[in-house]
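Chemist:
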Amino acid sequence: GDSVTQMEGPVTLSEEAFLTINCTYTATGYPSLFWYVQYPGEGLQLLLKATKADDKGSNKGFEATYRKETTSFHLEKGSVQVSDSAVYFCALSDQAGTALTFGKGTTLSVSS
Amino acid sequence: DAGITQSPRHKVTETGTPVTLRCHQTENHRYMYWYRQDPGHGLRLIHYSYGVKDTDKGEVSDGYSVSRSKTEDFLLTLESATSSQTSVYFCAISETQGARNSPLHFGNGTRLTVT
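Going down the list, the sequences are from chains U and V.
Adding 93 to a residue's 1-based position in the first sequence gives its number in this note's numbering.
Adding 2 to a residue's 1-based position in the second sequence gives its number in this note's numbering.
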């Protein structure tokens, strides 16, 4: 079945550092790929998405590029802020698109 | 924020008792989902619904049942709660095309503890 693998956390960074959170996937066909973010005590929110190979999703300074050749969708941000501290989830939706399969999540902690 | 209300927000119950969690939406979205979130597992799909009285199982459906008698309400029932069902439960909704083409909007979760 479909699966998503994220790098283990927690990731601890200083403010203004560069962020990369790795995500790879296994799926048949052409899935859509997503990054969701969860702030403490809240539900998940969509951060960005890409629906086909070579698409780049971006939002709030975060970016991720859909790489079919490496089955990857790594999340990057050039300069993190304390307010970016949260849990980040990579997810995919298969071609049927009825539900999402999530990775285990990566906790990001940014200190000033 | 999408209009999703989960109730209760917290619940403590004893092993063997039935428990029902409620998800109510005001967005008139077709798709509704129940996920559970556990450390080391991320989010796992329990059940989902693609319309009134139309439901299907997810990857961790054993021990759970669901019902959707109205567009706005999706109920998750634990027929006989077990300690392994201690978790945070999230309801999510998405528009007519499901998860692939429209984002999931999540409620704020229900923290369930089974003692």
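C-beta: ideal position from N, C-alpha, C; glycine also.
Just so you know, these numbers come straight off a predicted model, no measurement behind them.
Does V/Tyr52 come within less than 8 Å of chain U when only Cβ atoms are used?
Modeler: yes
Chemist: Could one say the Cβ of V/Pro20 lies closer than 8 Å to chain U's Cβ atoms, at least one of them?
Modeler: Output row for V/Pro20: interface = no.
Chemist: Skipping 5 residues on each side, what residues in its chain have a beta carbon closer than 6 Å to that of U/Thr144?
Modeler: Closer than 6 Å at the Cβ level, and outside the excluded window around U/Thr144, lie Ser125.
Chemist: I want to verify the contact list: residues of chain V whose CB lies under 7 Å from the CB of U/Phe195, in sequence order.
Modeler: Gly44 and Leu45
Chemist: State the beta-bridge partners of V/Met34 as determined by DSSP.
Modeler: According to DSSP, which records beta bridges pairwise, V/Met34 is partnered with V/Ser51 and V/Ile95.
Chemist: In chain U, what lies closer than 8 Å to V/Ser110 by C-beta?
Modeler: As written in the sequence, residue 110 of chain V is Asn, which differs from the Ser given in the question. Gly134, Glu135 and Gly136, listed in chain order.
Chemist: Report yes or no: do the stretch 3 to 19 of chain V and the stretch 152 to 168 of chain U share at least 3 C-beta pairs separated by less than 8 Å?
Modeler: As far as the Cβ criterion goes, the stretch 3 to 19 of chain V does not touch the stretch 152 to 168 of chain U, which means the pair count is below three.
Chemist: Measuring only between beta-carbons, confirm whether U/Ala192 sits less than 8 Å from chain V.
Modeler: Yes, contact with chain V.
Chemist: Between V/Lys55 and V/Ser71, which are expected to be in contact by the criterion C-beta below 8 Å, what is the C-beta distance as a whole number of angstroms?
Modeler: 7 Å
Chemist: Near V/Gln87, what residues of its chain come up, given a Cβ to Cβ distance below 6 Å and the 5 sequence neighbours on each side ignored?
Modeler: Leu80 and Val116
Chemist: With DSSP collapsed to three states, give me the class of V/Gln87.
Modeler: helix
Chemist: Does the CB of U/Gly126 have a neighbour CB from chain V at under 8 Å?
Modeler: Looking at the sequence provided, one finds Leu at residue 126 of chain U rather than Gly. Taking Cβ atoms only, chain V never reaches closer than 8 Å to U/Leu126, which makes this a no.
Chemist: Hey, quick one: how far does the beta strand (DSSP E) through U/Tyr159 stretch, first residue to last?
Modeler: Counting along the chain, U/Tyr159 falls outside any beta strand (DSSP E), and DSSP gives it neither H nor E.
Chemist: Is V/Ser71 near the ligand GTP - that is, is its Cβ less than 7 Å away from at least one heavy atom of it?
Modeler: Only the bare structure without any ligand can be found here, which leaves the ligand GTP out of the picture.
Chemist: Pull up the distance between the alpha-carbon of V/Leu45 and that of U/Ser178, whole angstroms please.
Modeler: 19 Å
Chemist: Mind checking whether U/Trp128 and U/Leu193 have CB atoms under 8 Å apart?
Modeler: no
Chemist: Name the chain U residues that come within less than 7 Å of V/Gly60, Cβ to Cβ?
Modeler: Ala192
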